[in-house]
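Q: Mapped onto the working numbering, the consecutive letters of the sequence shown carry residue numbers 1056 to 1138.
Here a beta-carbon is modelled for each residue, glycine too, at the ideal position from N, C-alpha and C.
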Amino acid sequence: MTPLQDFCQEPRSMEELEEAEFKPHSVYNAVKKGDLKNVKATDDWGRRTHGKGLFLSTVTIAPMNFTALQHAWHSSQPQGETA
């Protein structure tokens, strides 16, 4: 995952991206490659819209599953010498 995709896990405007020091051409290139999606590119009827876009990452971060870690933590025996 690129830093741009990480930053765009929630919809961001171009102004927000520029404030975070991402260049507009890198944002547009990421859209071309499919790393980002302009969620305002089409309206509800599928027509292309022009104007300010909102950019969202196409990669979603999967939430971590801690059940295996918790199980290992609670079922482990103390390590070391036993007397």
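Kindly provide the ranges of any beta strand (DSSP E) runs that are 3 or more residues long and lie completely inside the region 1061-1100, ordered along the chain.
A: Segments of the beta strand (DSSP E) lying fully in the region 1061-1100: 1091-1093.
Q: Look at L1091 and L1059 and say whether their C-beta atoms are less than 8 Å apart.
A: Start at 1 with the first residue of the sequence shown, and residue 1091 comes out as number 36. Start at 1 with the first residue of the sequence shown, and residue 1059 comes out as number 4. In this structure, L1059 lies closer than 8 Å to L1091 by Cβ.
Q: CA-CA distance, G1101 and M1069?
A: Within the sequence shown, numbered from 1, the residue matching residue 1101 stands at position 46. Within the sequence shown, numbered from 1, the residue matching residue 1069 stands at position 14. The straight-line gap from Cα to Cα measures roughly 22 Å.
Q: With a CB to CB cut of under 8 Å and the five nearest residues on each side skipped, what residues in its chain are close to E1065?
A: Counting from one through the sequence shown, the residue named residue 1065 turns up at place 10. Closer than 8 Å at the Cβ level, and outside the excluded window around E1065, lie L1111.
Q: Grab the span of the alpha helix (DSSP H) containing T1122 for me, first residue to last.
A: The sequence position of residue 1122 within the sequence shown is 67, counting from 1. Element bounds for T1122: T1122 to S1130.
Q: For T1057, I'd like the list of residues in its chain whose CB is within less than 8 Å of its CB, leaving aside the five on either flank, ordered along the chain.
A: As a first step, residue 1057 must be located in the sequence shown, where it is residue number 2. Once the five neighbours on either side are set aside, the close Cβ partners of T1057 are A1085 and D1090.
Q: With DSSP as the reference, identify every bridge partner of L1109, one or two as the case may be.
A: Translated into positions along the sequence shown, residue 1109 becomes position 54. According to DSSP, L1109 bridges with S1068.
Q: Please report the straight-line C-alpha distance between R1067 and W1128, rounded to a whole angstrom.
A: On the sequence shown, position 12 is the one that residue 1067 refers to. On the sequence shown, position 73 is the one that residue 1128 refers to. Rounded to the nearest angstrom, the two C-alpha atoms are 39 Å apart.
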